[in-house]
Amino acid sequence: MPRLLSYYALPCVAAGLAFAAATQAADLFDRHTTHWLKQAVGDQTGLAELSQQQAGKLKLLGAGIDQPCVIIKTDEENWAKALLTWGFRKGAEKPVPVLLIERFVTYQGERANQTAAVGKSVMLFPGFQFNFDIGQVVPDGQGGDVEFTSKGVLKPIGDARIYVLNGSQLPPPAAGARPHDPLDHEGVIPRDFAGTWRVSTDGRWNGTWEITVDDEGTVRGQFVSDDTQSSYPISGKTSGLPHHAHLNVTFANSTLGIEAYLWTKDKSALAGTATLAGREFGFYALRQPHNAPEK
């Protein structure tokens, strides 16, 4: 069941995660990028309003996520996702209904999985509006996409639309498929680079790599930035030296080149250099445990 709380105070916290404190891999909320949001919407017409009771009937995305997830198509044609919690805050005469936007990410409509706004722990009181395009609480007439009403429901404004993400849209693992185990054999083979990695490059480009490698050593994947939650493609190739790979992370206007070396004993870490615009930096990455099965 979703976590539906009654509370009297909640902190407002800035968006972004420090690499040292966030060593776990991206969860199912992070992995629902624009493609999966659009697939979830399908032929839905959008909701006139969303109440706590309606949200409580939704399937959750998966293990570790306790809040229902909604999809917002903004008045600027961007796509956003948000985890919501209903509750109450102490008022002068009686408790006041509030809505907490636990986490949200807004993707730029024309730039695939690059983000326009990211944040968490935003509290809406009755009458408050939220503009997902800029990630801010706004007054009436300033581009709000949704409004939290005195009746405790969330309503779309103008051309904005609210949809529900009723359970994960990610494809289930193939029947009988087993994750590659880099420790079930001696030496290093190309597929040992595959997996989920928590990465820090010079303390600037922190986030998660999800990469796959075929038997010929071709690398494909994505980098999800902690700071922006934008997703960028990874491509590359393992080299003749078994524990070395050359990777490229393609940003909007530049490419980060990676020379990565895999630990040969336990294959639990990568380290090496990264090059951007002719400048070299150091990087390291730690392998993450396999995700729990998705439900």
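Note that my numbering gives residue 340 to position 280 of the sequence shown, counting from 1, and the numbers run on in steps of one.
Glycine included, each C-beta is placed from N, C-alpha and C at the ideal position.
Span of the beta strand (DSSP E) around residue i
{"i": "Lys297", "result": "Ser291 to Thr298"}
{"i": "Phe341", "result": "Arg339 to Arg347"}
{"i": "Val284", "result": "Thr278 to Ser285"}
{"i": "Leu214", "result": "Leu214 to Pro216"}
{"i": "Gln196", "result": "Gln196 to Val198"}
{"i": "Ala58", "result": "The chain is shown from 61 up to 355; residue 58 falls before or after that span and cannot be answered."}
Chain D contact for residue i (CB, 9 Å cutoff)
{"i": "Asp219", "result": "The structure shown contains no chain D; it is built from a single protein chain."}
Residue i versus residue j - alpha carbon distance
{"i": "Asp90", "j": "Gln289", "result": "7 Å"}
{"i": "Gly124", "j": "Asp87", "result": "8 Å"}
{"i": "Thr94", "j": "Leu143", "result": "16 Å"}
{"i": "Pro250", "j": "His303", "result": "8 Å"}
{"i": "Lys154", "j": "Ile194", "result": "32 Å"}
{"i": "Ser260", "j": "Pro216", "result": "38 Å"}
{"i": "Ala82", "j": "Tyr292", "result": "With a pLDDT of only 42 at Ala82, under the threshold of 50, the placement of this residue in the model should not be trusted, and no figure is reported."}
{"i": "Gly267", "j": "Glu170", "result": "23 Å"}
{"i": "Phe283", "j": "Asn173", "result": "11 Å"}
{"i": "Ala108", "j": "Gly204", "result": "15 Å"}
{"i": "Pro199", "j": "Ser210", "result": "16 Å"}
{"i": "Thr166", "j": "Gln114", "result": "23 Å"}
{"i": "Thr134", "j": "Gly201", "result": "14 Å"}
{"i": "Gln189", "j": "Thr324", "result": "53 Å"}
Reference residue i, options the options, closest by Cα
{"i": "Gly332", "options": "Gly281, Asp326 and His306", "result": "His306"}
{"i": "Gly338", "options": "Leu316, Ser328, Trp323 and Leu322", "result": "Leu316"}
{"i": "Thr105", "options": "Asp219, Pro349 and Gly296", "result": "Asp219"}
{"i": "Glu319", "options": "Asn308, Asn313 and Asp326", "result": "Asn308"}
{"i": "Gln348", "options": "Thr256, Gly277, Arg280 and Glu340", "result": "Thr256"}
8 Å contact criterion, which residue i and residue j should meet: CB distance rounded
{"i": "Leu214", "j": "Val206", "result": "5 Å"}
{"i": "Asp262", "j": "Phe343", "result": "7 Å"}
{"i": "Phe253", "j": "Leu184", "result": "Incorrect: roughly 44 Å between the Cβ atoms, too far for contact."}
Extent of the continuous alpha helix (DSSP H) run through residue i
{"i": "His95", "result": "Thr94 to Val101"}
{"i": "Arg171", "result": "That residue, Arg171, is in no alpha helix (DSSP H); it is neither H nor E in DSSP."}
{"i": "Arg91", "result": "Leu88 to Arg91"}
- Task: Flag this pair as touching only if the region 223-231 and the region 244-263 have three or more C-beta atom pairs under 8 Å; answer yes or no.
- Result: A contact is defined here as three or more CB-CB pairs under 8 Å, and the region 223-231 fails this definition with respect to the region 244-263.
- Taking one C-beta from the region 156-164 and one from the region 98-108 each time, how about it: are there three or more such pairs within less than 8 Å? No: fewer than three Cβ pairs fall under 8 Å.
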